[in-house]
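Structure first, then comments.
There are 2 protein chains.
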Amino acid sequence: MEAKPDTLTAVLWPAEPVRKRGPKPSLSRQQIIETAIEVADASGLSAVTMQLLADQLGRPKMSLYRYLPGRDELVALMADAALGAPPAAAGRGWRGRLRNWALQAWPVFLAHPWLHQVTVGPRVFGPNELGWMEVALGALDATDLTGAERLDAVALLTGHLRSMAAQRSAGPRSATDASASDDIEAQSAALMAQLLTDHADRFPLTAAAFGQAQRTGTTDQALEFGLDRILDGLGALIDRRRG
Amino acid sequence: MEAKPDTLTAVLWPAEPVRKRGPKPSLSRQQIIETAIEVADASGLSAVTMQLLADQLGRPKMSLYRYLPGRDELVALMADAALGAPPAAAGRGWRGRLRNWALQAWPVFLAHPWLHQVTVGPRVFGPNELGWMEVALGALDATDLTGAERLDAVALLTGHLRSMAAQRSAGPRSATDASASDDIEAQSAALMAQLLTDHADRFPLTAAAFGQAQRTGTTDQALEFGLDRILDGLGALIDRRRG
DNA sequence: TCTAATAGCGTACACTCGACGCAATTACCG
DNA sequence: CGGTAATTGCGTCGAGTGTACGCTATTAGA
Numbered sequence: 002m003e004a005k006p007d008t009l010t011a012v013l014w015p016a017e018p019v020r021k022r023g024p025k026p027s028l029s030r031q032q033i034i035e036t037a038i039e040v041a042d043a044s045g046l047s048a049v050t051m052q053l054l055a056d057q058l059g060r061p062k063m064s065l066y067r068y069l070p071g072r073d074e075l076v077a078l079m080a081d082a083a084l085g086a087p088p089a090a091a092g093r094g095w096r097g098r099l100r101n102w103a104l105q106a107w108p109v110f111l112a113h114p115w116l117h118q119v120t121v122g123p124r125v126f127g128p129n130e131l132g133w134m135e136v137a138l139g140a141l142d143a144t145d146l147t148g149a150e151r152l153d154a155v156a157l158l159t160g161h162l163r164s165m166a167a168q169r170s171a172g173p174r175s176a177t178d179a180s181a182s183d184d185i186e187a188q189s190a191a192l193m194a195q196l197l198t199d200h201a202d203r204f205p206l207t208a209a210a211f212g213q214a215q216r217t218g219t220t221d222q223a224l225e226f227g228l229d230r231i232l233d234g235l236g237a238l239i240d241r242r243r244g
Numbered sequence: 002m003e004a005k006p007d008t009l010t011a012v013l014w015p016a017e018p019v020r021k022r023g024p025k026p027s028l029s030r031q032q033i034i035e036t037a038i039e040v041a042d043a044s045g046l047s048a049v050t051m052q053l054l055a056d057q058l059g060r061p062k063m064s065l066y067r068y069l070p071g072r073d074e075l076v077a078l079m080a081d082a083a084l085g086a087p088p089a090a091a092g093r094g095w096r097g098r099l100r101n102w103a104l105q106a107w108p109v110f111l112a113h114p115w116l117h118q119v120t121v122g123p124r125v126f127g128p129n130e131l132g133w134m135e136v137a138l139g140a141l142d143a144t145d146l147t148g149a150e151r152l153d154a155v156a157l158l159t160g161h162l163r164s165m166a167a168q169r170s171a172g173p174r175s176a177t178d179a180s181a182s183d184d185i186e187a188q189s190a191a192l193m194a195q196l197l198t199d200h201a202d203r204f205p206l207t208a209a210a211f212g213q214a215q216r217t218g219t220t221d222q223a224l225e226f227g228l229d230r231i232l233d234g235l236g237a238l239i240d241r242r243r244g
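Chains L and X supply the protein sequences, listed in that same order.
Residue 125 in our numbering is what sits at position 124 of the first sequence, and the numbering runs on without skipping anything.
Residue 213 in our numbering is what sits at position 212 of the second sequence, and the numbering runs on without skipping anything.
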């Protein structure tokens, strides 16, 4: 129920493995995490239930608690595992590297539609998430930005990524079918269109912009739009600092 | 459990009030929403339970379902009510107006630490949320941006606001005490500092940036940093379009 | 071989949201 | 001024959820 930062740290940053005495575990933490990620990818994070997970693994429910302190810790482990190892830095200059970094993170969020609602707010970072951050900060290493500015810049980028990822996949839904990603976005757009035609007098600008955008824009364009705007803004600051 | 777009629309955009025949309701939907917002502000969104709400109102639990189809609809109504009526457009030029718009939305997110996790993803917009969007689009009305670009620009801004709001208040926590906002952020920072000193060899850039930032940066600075970067980036595009 | 530590996991318990249906109340209409 | 019909109040119940606790079986180390 409650947040347990110390337990989360202990789980995400495991200490030395001690020699065991008792019987051999018939399951592994990695196994649980992997199937949990599969379930979450297919049916949403709310479908990741200790009961379902145990059924999937062919064990009784309570046996899972030998490997994990609780569900919160499982989710944290899922997030860091789903993020995966950070990519190698690639690209020309800070801008190219940062852009590549974001474009490499994007498919990760698309592959795990629940990831954006978990990598948010004050939390305990896992090794992989810290690794991604390290790579992003590496892109800004040659600039004259201060430490706080670099962190803020990376936070701005990740915030945009998460925001766009949220647009793709619904929030706390428990979708049963896998074809929900496009459906939900299209369904939401249709509903919005209906709403705006019904109340076009109260929201004329929104109705006009939406009507025009519906023929041209997609979410991928929104991603690139925000990305380029952020990079432009960062570029202006970096140039100002250097000059 | 499931998402019900049509029900949400019916609740958020109520039709004409029909004349009633039966006994007079002893509660009102507005009353429920208000106390639900109070509970959420004080103890987090997860504390908003039908049971607790009913206790707070001095009624049995099931009586609430006469006023609301279910919890999802309640949360949607809470969100639109907490957002409140949009502010009047104020400021010089598109930049001043957009900046004011964001700075007026910010305290709303701070006052309702759960709002950021609800105004996310494909969803049914309420009247107030659409009103806010209309005002933001009004700021860009004099520019040469296309409809899609204007929507993307507003989405970029709101994404940043939500991201910063999430940084302040924890995610799905159920904080008991009210002094959690500063505590959690400080606690998280301390934990991050500990983590980075423990593994400074693996994440040297992050450790350096964080150590430098911890003495200077706050979350309010991060908000303004991202805001100014976004506005700079939008300005570059707008100037390019005009020239 | 004996012992001590560990894994497996059955049985609770305290919660959650919500479906259903009956009884009481009140407004409308003849 | 009735009688009818619709609406509210809400008790009961079921299907979920996470997890504390403690007993038994197993196995590595002394």
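The C-beta atom is built at its ideal place from N, Cα and C for all residues, glycine as well.
Small disclaimer: the values here were computed from a predicted structure and weren't measured.
Inset, instruction - Report buried or exposed for L/VAL19, applying the criterion of at least 16 other Cβ atoms within 10 angstroms of its Cβ. - result: exposed
Legend entry - Cut-off 7 Å between Cβ atoms - residues of its own chain near L/ALA90, not counting five sequence neighbours on either side: ARG98, VAL136, GLY139, ALA140
Inset, instruction - Report yes or no: is there a C-beta of chain X within less than 8 Å of the C-beta of L/SER44? - result: no
Legend entry - Closest by C-alpha distance to X/ASP112, when choosing among X/ALA83, X/GLY127, X/LEU146: It should be noted that the sequence gives Ala, not Asp, for residue 112 of chain X. The candidate whose alpha carbon is nearest that of X/ALA112 is X/ALA83.
Inset, instruction - Between the Cα of X/LEU116 and those of X/LEU162, X/LEU104, X/ARG22, X/PRO128, spot the shortest distance and give me the residue it belongs to. - result: X/LEU162
Inset, instruction - State yes or no: is the beta carbon of X/THR144 nearer than 8 Å to at least one beta carbon in chain L? - result: no
Legend entry - Alpha-carbon spacing of L/SER164 relative to L/ARG30, whole angstroms: 30 Å
Inset, instruction - Compute the beta-carbon to beta-carbon distance between X/GLU186 and X/ARG169, rounded to the nearest angstrom, for a pair I have assumed lies under 8 Å. - result: 7 Å
Legend entry - Reduced DSSP secondary structure (H/G/I, E/B, other) of X/TRP95: helix
Inset, instruction - Mark L/ARG216 as exposed unless 16 or more other C-beta atoms lie within 10 angstroms of its C-beta, in which case mark it buried. - result: exposed
Inset, instruction - Could you tell me whether the region 216 to 233 of chain L touches the region 146 to 161 of chain X, where touching means 3 or more Cβ pairs closer than 8 Å? - result: yes
Legend entry - Cβ-Cβ distance between X/ARG230 and L/ILE38 below 8 Å: no
Legend entry - Cα-Cα separation, L/ASP240 to L/TRP95: 12 Å
Inset, instruction - State yes or no: is the C-beta of X/ALA77 within less than 8 Å of the C-beta of X/LEU9? - result: yes
Inset, instruction - Confirm, please, whether the CB-CB distance from L/GLY45 to L/ALA86 is below 8 Å. - result: no
Inset, instruction - For the alpha helix (DSSP H) holding L/ARG163, just list the boundary residues, first then last. - result: 148 to 169
Inset, instruction - Taking all protein chains shown into account, decide if L/ALA43 is buried (16 or more other Cβ within 10 angstroms of its Cβ) or exposed. - result: exposed
Legend entry - CB contact below 8 Å: X/HIS113 versus chain L: no
Legend entry - Which listed residue (X/ASP199, X/LEU13, X/LEU69) has its alpha carbon closest to that of L/ALA16: X/ASP199
Inset, instruction - Quick one: give me the first and last residue of the alpha helix (DSSP H) that L/GLN118 is part of. - result: That residue, L/GLN118, is in no alpha helix (DSSP H); it is neither H nor E in DSSP.
Inset, instruction - Go through its chain and collect everything with a Cβ distance to L/THR120's Cβ below 8 Å, but skip five positions before and after it. - result: ALA80, LEU84, GLU130, THR159, ARG163
Inset, instruction - Please list, in chain order, all residues of the same chain as L/GLY92 whose beta carbon is under 6 Å from its beta carbon, the five residues on each side excluded. - result: ARG98, ASN101
Inset, instruction - Assign L/GLY122 to buried or exposed, taking buried as 16 or more other Cβ atoms, counted over all protein chains shown, within 10 Å of its Cβ. - result: buried
Legend entry - Cβ of L/THR147 within 8 Å of any chain X Cβ: yes
Legend entry - Euclidean distance between Cα positions of X/MET63 and X/PRO128: 28 Å
Inset, instruction - Rank X/ARG67, X/VAL125, X/GLY227 by C-alpha distance to the C-alpha of X/LYS25 and give the top, closest one. - result: X/ARG67
Inset, instruction - With 8 Å as the threshold, decide whether the Cβ of L/VAL90 is near any Cβ in chain X. - result: Inspection of the sequence shows that residue 90 of chain L is occupied by Ala rather than by Val. Closer than 8 Å: no.
Inset, instruction - Check whether the Cβ atoms of L/LEU54 and L/VAL40 lie closer than 8 Å to each other. - result: yes
Legend entry - Interfacial residues, the region 23 to 40 of chain L to chain X, with Cβ spacing under 8 Å: none
Inset, instruction - Return no unless some Cβ of chain L is closer than 8 Å to the Cβ of X/PHE110. - result: no
Legend entry - Proximity winner among L/ALA156, L/GLN188, L/ALA209, relative to X/ASP142 (alpha-carbon distances): L/ALA209
Inset, instruction - Within 10 angstroms of the Cβ of L/GLY23, are there 16 or more other Cβ atoms? Answer buried if so, exposed if not. - result: exposed
Inset, instruction - Please check if any C-beta of chain L sits within less than 8 Å of the C-beta of X/ARG67. - result: no
Inset, instruction - Can you say whether L/PRO114 is buried or exposed, counting buried as having 16 or more other CB atoms within 10 angstroms of its CB? - result: buried
Legend entry - Which listed residue (X/ALA190, X/ASP233, X/ARG124, X/ALA154) has its alpha carbon closest to that of L/ALA191: X/ARG124
Inset, instruction - Could you tell me the distance, in whole angstroms, from the CA atom of L/SER189 to the CA atom of L/ARG242? - result: 43 Å
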